[in-house]
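Undergrad:
Number of protein chains: 2
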Amino acid sequence: MTDNLQQSFKALADPSRREILMHLSKQDMTIKEVSEHFDMTRAAVKKHLTILQQGNLINIQKNGRERINSLKPEGLQTITEWMDYFNKFWDQKLNNLQTAVANYTEKDDVKNK
Amino acid sequence: MTDNLQQSFKALADPSRREILMHLSKQDMTIKEVSEHFDMTRAAVKKHLTILQQGNLINIQKNGRERINSLKPEGLQTITEWMDYFNKFWDQKLNNLQTAVANYTEKDDVKNK
DNA sequence: TTGACAAGATACCAAAAGGTATCATATATT
DNA sequence: AATATATGATACCTTTTGGTATCTTGTCAA
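Chains as they are written, first to last, in the working numbering: chain A, 11 to 123; chain B, 11 to 123.
Here it is in structure tokens:
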């Protein structure tokens, strides 16, 4: 199977799935309840929920004949960590730019001396 | 056209594209140079680069007959902001948990009094 | 126990995605 | 000017994806 990072990114790549996460951030919901917010069949919603689960973004807990879907932080954490690499990169690039500007200013000062 | 957030998420959903970003984080590269790191045709790589560009994740700058591809922070920033919503949610949930634990401990203290 | 109701499981379909092959165009290089 | 190089643009193919329809299973309630 593909790795966790890939499954998490894949899960977030669909707008319906991100919308499901938004709903679940307000309250835990059964599959049926999630379905009522969408213009698609319960089967389709359930597929999305399964993909979100595989992406470690939600937890599906059995409760009688219902399945309670709730947000789960692991998947988002995985992605956050991946992005930290690039954020660090950009911070550095920004620092380099600031250094360059500072150097330019210094030269400018010398010129004007 | 679909919105920026969607294009950024879509762009990051493919492992080859994330790998391209990793390469570009080390140095800017032409399309040909990027292609040399992969076992696929230049045409396929170029398609990936176009999708990354649409996701606001890279910049493609013309230089003679070459195209210099470089990282661009906008797309990542868009995604980071989207995730902040959920991170905030999780922080709160964690706080609630900590509060619950604290309360439990207090009751426990009372019991033992 | 006998319907309702929530969910699981498949089979199937159209569209999108990832890839190749191929030809055209623009720019260097000699 | 002629050739080589870097890229653009398409047509085409296969697999994946998002969706429906349909049937089955598990559970609640009368």
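Glycine residues also receive a C-beta, built at the ideal position from the N, C-alpha and C atoms.
Please check the pair Ser26/A and Phe48/A, which I expect to be a contact at CB under 8 Å, by giving their CB distance rounded to whole angstroms.
TA: Between Phe48/A and Ser26/A the Cβ distance is about 7 Å, and since that is below 8 Å, they are a contact.
Undergrad: Please list, in chain order, the residues of the stretch 36-48 of chain A that have any C-beta partner in chain B closer than 8 Å.
TA: Correct list: empty, as no residue qualifies.
Undergrad: Ser18/B and Ser88/B - do their beta-carbons sit closer together than 8 Å?
TA: Looking at the sequence shown, residue 88/B is not Ser but Thr. Their beta carbons are under 8 Å apart, which means Thr88/B touches Ser18/B by this criterion.
Undergrad: Assess contact between the stretch 66-86 of chain B and the stretch 22-37 of chain B, defined as three or more Cβ pairs (one per stretch) separated by less than 8 Å. Is contact present?
TA: Touching, yes.
Undergrad: Any C-beta of chain A sitting closer than 8 Å to the C-beta of Met93/B?
TA: Chain A, which has a Cβ nearer than 8 Å to the Cβ of Met93/B, makes this yes.
Undergrad: Please go through the same chain and pick out, in chain order, the residues whose beta-carbon is closer than 6 Å to the beta-carbon of Gly65/B, but skip the five residues on each side of it.
TA: Counting only Cβ-Cβ distances below 6 Å, and skipping sequence neighbours, we find Gln17, Ser18, Ala21 and Gly85.
Undergrad: Identify whether Asn14/A lies in helix, strand or coil by the three-state DSSP scheme.
TA: Three-state DSSP puts Asn14/A in a helix.
Undergrad: Along the beta strand (DSSP E) that carries Leu81/A, what are the first and last residues, could you check?
TA: Here the beta strand (DSSP E) through Leu81/A covers Glu76 to Leu81.
Undergrad: How far does the alpha helix (DSSP H) with Gln125/B in it extend, from its first residue to its last?
TA: Absent from the model: residue 125/B. The displayed extent of chain B is 11 to 123, so no value can be given.
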